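Chemist: Going by this note's numbering, the residue at position 321 of the sequence shown is 385; the numbering climbs one at a time, nothing skipped. The beta-carbon is built from N, C-alpha and C at its ideal position, and this holds for glycine as well. Remember, predicted model here, so these are calculated numbers, not experimental data.
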Amino acid sequence: MNIIVTALPQYPQEELDEVVRLLNTVPGTVKFVKGETIPAEILQLQIKNYSLQKRLSFVQYWEILNMYRIINKIPPENYAVLISPNKHDESWFSGFNGHNIFVDSNDWQYFSDKDSKYGIAFQIVENIIQSLMKLNIDDIFSEPNIHMESIGCINDFCGNKKEIMFKLRQGYICDSCVQRILSENIDIVIITHLKALIDSIRNSMVDNFSLILNQIPKEPIRVDEKGILTIGKHEIRLGHQPKSLYYLFLNHTDGILTNSLDEYEVDLFEIYFTVRHPTTKTLKNIEKNKIREDNLKLKKKEILEAVKKLLENDSGYKRFLKEKNSINKEINNTLGVKLAEFYMINTFTENPDKYYKINIEKDIISMDERYVLNKSKTT
Numbered sequence: 065m066n067i068i069v070t071a072l073p074q075y076p077q078e079e080l081d082e083v084v085r086l087l088n089t090v091p092g093t094v095k096f097v098k099g100e101t102i103p104a105e106i107l108q109l110q111i112k113n114y115s116l117q118k119r120l121s122f123v124q125y126w127e128i129l130n131m132y133r134i135i136n137k138i139p140p141e142n143y144a145v146l147i148s149p150n151k152h153d154e155s156w157f158s159g160f161n162g163h164n165i166f167v168d169s170n171d172w173q174y175f176s177d178k179d180s181k182y183g184i185a186f187q188i189v190e191n192i193i194q195s196l197m198k199l200n201i202d203d204i205f206s207e208p209n210i211h212m213e214s215i216g217c218i219n220d221f222c223g224n225k226k227e228i229m230f231k232l233r234q235g236y237i238c239d240s241c242v243q244r245i246l247s248e249n250i251d252i253v254i255i256t257h258l259k260a261l262i263d264s265i266r267n268s269m270v271d272n273f274s275l276i277l278n279q280i281p282k283e284p285i286r287v288d289e290k291g292i293l294t295i296g297k298h299e300i301r302l303g304h305q306p307k308s309l310y311y312l313f314l315n316h317t318d319g320i321l322t323n324s325l326d327e328y329e330v331d332l333f334e335i336y337f338t339v340r341h342p343t344t345k346t347l348k349n350i351e352k353n354k355i356r357e358d359n360l361k362l363k364k365k366e367i368l369e370a371v372k373k374l375l376e377n378d379s380g381y382k383r384f385l386k387e388k389n390s391i392n393k394e395i396n397n398t399l400g401v402k403l404a405e406f407y408m409i410n411t412f413t414e415n416p417d418k419y420y421k422i423n424i425e426k427d428i429i430s431m432d433e434r435y436v437l438n439k440s441k442t443t
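What follows is the structure, encoded as structure tokens:
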């Protein structure tokens, strides 16, 4: 499959080169080819008063791309992508129609102008996947696989533009969208290559952002005796289960191997039980408070079952990934996109191993002893 990537004439050639180069960093069956930018003279003939237009509609984008296909004899099975400095008239970051895609090149300056290539490349791959999934972007409210509430999936709508950085940093495809991909019988070689490209762009983007984020003073993390989590002056409001998972990673700042999560059931159970019953530390304390033994066993069983489900390797720890993304979203919403990156649970590679970890130093973590695991239980 070939993807021809072109641009409107205002978009710098060197930036177009960078986007195409980034898209070809992962070898595979999908080939990204740089196309010549569309001459202004041609656009003027096609769109009345083109030079005066700052925004373009879906119809105008598809007209431009169809014309470009005809001129360059692009086969219908190949994709044509247009990078546009002209905003979309409904302020969409991107969109697709069949095998035609446009991506808005504006508003990527959340971190620096240099990083715009990551967001643009990500949007190109995302739209190819969405096209292969046959998402109905003409009726976004009835399309079940367009998420109006952001969950970190590549198919989040991101009506609030600030949420797009959360989506890009997660590079996640939710269970529902995975099932849609399977139902559409998309070539496994193609979708595997596209997902690997999503992961590569996401990792490069996070690493690039980290160079800037490292200049920002780190806020301390505190967990008090009641189990309340604060980062700096901001309380992070999480339910019992996500809070327990986050505290597990605060206890394991070196990270946890992505294929070894189920080895931490005992640790997570201990934390989860304490989070659910913050006034007690040990069984003796509970006995002193005259809580009936059968009730205690019931609570323990309930928590143990929840822990097992969360950490069981069911098609790649899908329950864990869902919970991880909900934690990261709450941190992102509370702290904002710049600061949140420090405190999220992310994936890190140290060849040949991959880890989930919160990439922060131990010296900025202050936890009440109730939530600190014994060394004997963490090794």
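Grouping DSSP H, G and I as helix and E and B as strand, with all else coil, what is V371?
Modeler: helix
Chemist: Leaving out five residues before and five after K354 in sequence, what residues of the same chain have Cβ atoms less than 6 Å from its Cβ?
Modeler: Caution is warranted here: a pLDDT of 49 is assigned to K354, below 50, making its placement in the model unreliable, and the coordinate value is therefore given only provisionally. There are no such residues.
Chemist: Give the list of continuous alpha helix (DSSP H) stretches no shorter than 4 residues that lie fully inside the segment 258–337.
Modeler: 304–315
Chemist: Below 9 Å between beta carbons: does that hold for S121 and D171?
Modeler: no
Chemist: Can you name, in chain order, every residue of its own chain whose Cβ lies under 6 Å from the Cβ of Y311, other than the five neighbours on each side?
Modeler: I335, Y435
Chemist: I need the straight-line Cα distance from E283 to G296, nearest angstrom please.
Modeler: 5 Å
Chemist: Kindly identify the DSSP beta-bridge partner or partners of Y236.
Modeler: Its beta-bridge partners are C217.
Chemist: For D318, which option in F230, V83, D203, E425 has the closest C-alpha, if you only look at C-alpha atoms?
Modeler: E425
Chemist: Which whole-angstrom value describes the C-beta separation of I188 and V145, a residue pair presumed to lie in contact below a C-beta threshold of 8 Å?
Modeler: 5 Å
Chemist: Let me confirm a value: F205 is counted as buried when at least 16 other C-beta atoms fall within 10 Å, else exposed. Which label applies?
Modeler: exposed
Chemist: Please report the straight-line C-alpha distance between D326 and K372, rounded to a whole angstrom.
Modeler: 8 Å
Chemist: What alpha helix (DSSP H) runs, 4 residues minimum, are completely inside the segment 112–141?
Modeler: 122–136
Chemist: So is the beta-carbon of V83 under 8 Å away from any non-hydrogen atom of the ligand COA?
Modeler: Looking for the ligand COA in the displayed structure turns up nothing, as the structure carries no ligands at all.
Chemist: Please classify Y381: does DSSP put it in a helix, a strand, or coil?
Modeler: Coil, per DSSP.
Chemist: So is K112 buried or exposed if we call it buried at 16+ other beta carbons inside 10 Å?
Modeler: Around the beta-carbon of K112, fewer than 16 other beta-carbon atoms lie within 10 Å, marking it exposed.
Chemist: Does A404 pass the burial test, meaning 16 or more other C-beta atoms within 10 Å, or should it be called exposed?
Modeler: buried
Chemist: From R383 to K95, what does the alpha carbon distance come to, in whole angstroms?
Modeler: 34 Å
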